[in-house]
Structures are given as structure tokens and as C-alpha cells.
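Asks: Residue numbers (the numbering used here): 10 to 259.
Built from N, CA and C at the ideal position, the CB exists for glycine as well.
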Amino acid sequence: MFIHGLGLDEHGRAMHKSLGNVVDPEPIIEKYGADAFRFWAASETMLGDDFRISEKRIAGSRKFLNKLWNVARFISMFERPQAGKLQGTDRWILSELNNLIMSCREGYDDYNFFIPANRTREFLWNLFAPHYIEMVKSRAYEGDSGAQYVLHEILRTVLRILAPITPFITDRLWREIYESSVLDETIPESKSEWHSELNRFTLELTSFNTRIWKDKKDQGLSLNESLEGVVIPDSLKPFETDLIRMHKIR
């Protein structure tokens, strides 16, 4: 038996016909799509807690799915190699992916969809898209099999994790890119070979990138312009080559 919390209006009041605050889901689903509505429902609250129904937050779920779509279309530009030589940046993100898998499996095992929904959104929106993809984009365009392999491994993993929550978009992307159905797949399992101590540098790495982006903005430079006088910390040496190329450091 699955018991969820009480749906409230955006002001935190229980919905009653006499108050005129009952939300009809059908127009919302027609406007934003079933997957966005499902993702919002899964990500809005922990299992058993009451939740507020907010069209603004449902719209935010659609933005996330648009992000997923754009990321998938980018990755689909590259062939999926069976394997490749991995650089430090690749090993780092695979270790973070491993952590994501373990966390999401625990959530699914407990029927707590809040965990896979939010952990996957955080991973894709805050880590994978802005940091990893930007760091390896040059390598991927040049045909580097390591970068292309990892891009596809992460996309396939994310689609499999999200399939129970957002079955329509994940299945369409899987069919278009991998020519089968994601609904025939299972929730991914962690891999011991993906574990790496490099994930202890995640905060330092993302903070470094954020600082460089801010410095360029403050100096009126575009992200594609070169930057002089930047010193990469010794702790980030495993990522040095990708950082230099991404930030155009001289």
C-alpha cells in the first residue's frame, strides 16, 4: 500500500469545494505534459508529507525535462563507443554517478520517489550539465572515446533512473538514440570500477569553475575568451588539461 500526504493549495490550505480552491489536474497536464506533472508529484515532498500544489513548481519540472532533452540531444551527436581511455574528469563524474545510483536505488527500494527525482535533478542540473559536459566538450568534439563513452553511460543511467517517474520522455529519447525501449531496462546498479577518490574534490572543482565564470563576467569577458594569471591548485591537477581548455586559461 502506498500512502501519500494531503494535497494543499499554494497557500497551504486543504482544498474544499466551498473554498473554491480545488485544483483540476487535467488542464495542468494538458499545459505542461504528463511527465512534468509526474515529476513534480514525485519531487515535491518526502513520502507521507503534505504538499502544496503550485503551478509555478510544476512549470519548473517542465524546465528540468527540457534540460534533460537538450542534454540528450547534445550527447546523441556522438557515437557510443564500447569503452575508452578515461581522464581524471571522466573518473570523477563516474564516481559521482555511482553515488547517484546507490542513493536512487535506496529511494526506489523504499518507494520514496522523492529521492531519485531530486537527486537526479541535482546531478544533471548542477553537476553533469554545467561542469562535466563543459569540461569535456572539446574532447568529445575531437572524437575522444573516453569522453564520448562517459557521456553515453551517464545519459543511459539517468534515463533508466527516471523512467519509472517520467516514462514518456525517457522512452522517446531511448528509442531515438539507442533504438529500443527504456521500459525494457532495469534500475541501474552501482559499479565498483566506477568508484574513485576523485569525488572528494567535487566541491573544490565546482567552486573553481564558478569563480572563473564570475571573474570573466566581472571583467566583461565572454566565457569563450581567454583568461590570464589563473593558477590551478595542485589538488585539481587531475582535471588540469580539461580546465585549461574549458576556461581558455593562458
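Report the option in Asp-118, Asn-107 and Pro-34 whose CA atom is closest to the CA atom of Leu-56.
Replies: Asp-118
Asks: Given that a residue counts as buried once 16 or more other Cβ atoms are within 10 Å of its Cβ, and exposed if not, what is Asp-227?
Replies: exposed
Asks: Nearest to Ala-156 by CA position, among Arg-71, Glu-88 and Asn-121, is which residue?
Replies: Glu-88
Asks: Taking the C-alpha atoms as reference points, what is the distance between Asn-233 and Ile-84?
Replies: 21 Å
Asks: Which residues share a DSSP beta bridge with Gly-21?
Replies: Bridge partners of Gly-21 according to DSSP: none are assigned.
Asks: So, at 8 Å on beta carbons, what are the nonlocal neighbours of Thr-166 in its own chain, with the 5 sequence-adjacent residues on each side left out?
Replies: Leu-106, Leu-109, Ile-110 and Pro-197
Asks: Within 8 Å, do at least three Cβ pairs link the stretch 175-191 to the stretch 41-54?
Replies: yes
Asks: Do you know whose CA, among Gly-116, Lys-26 and Trp-134, lies nearest Ala-81's CA?
Replies: By alpha-carbon distance to Ala-81, the top candidate from Gly-116, Lys-26 and Trp-134 is Trp-134.
Asks: Which term fits Glu-162, buried or exposed, when burial requires 16 or more other beta carbons within 10 angstroms of its beta carbon?
Replies: buried
Asks: Report yes or no: is there a C-beta of chain D within less than 8 Å of the C-beta of Ile-241?
Replies: Included in the structure is just one protein chain, with no chain D present.
Asks: Which word fits Asp-243, buried or exposed, when buried means at least 16 other C-beta atoms lie within 10 angstroms of its C-beta?
Replies: exposed
Asks: Cα separation between Val-239 and Gly-21?
Replies: 49 Å
Asks: Give the single residue among Gly-152, Cys-113, Leu-182 and Leu-15 whose Cα lies nearest to the Cα of Asn-75.
Replies: Leu-182
Asks: If I follow the unbroken alpha helix (DSSP H) through Ala-196, where does it start and stop?
Replies: The amino acid at residue 196 is misidentified as Ala; the sequence shows Ile. Premise fails: Ile-196 is in no alpha helix (DSSP H) and is neither H nor E.
Asks: Note down, in chain order, each residue of its chain lying with its Cβ closer than 8 Å to the Cβ of Ile-78, except the 5 sequence neighbours on either side.
Replies: Checking the displayed sequence, the identity of residue 78 turns out to be Trp instead of Ile. Closer than 8 Å at Cβ, skipping near neighbours: Ile-178 and Leu-182.
Asks: Sort Ile-37, Leu-171 and Lys-200 by Cα distance to Phe-73 and report the nearest one.
Replies: Leu-171
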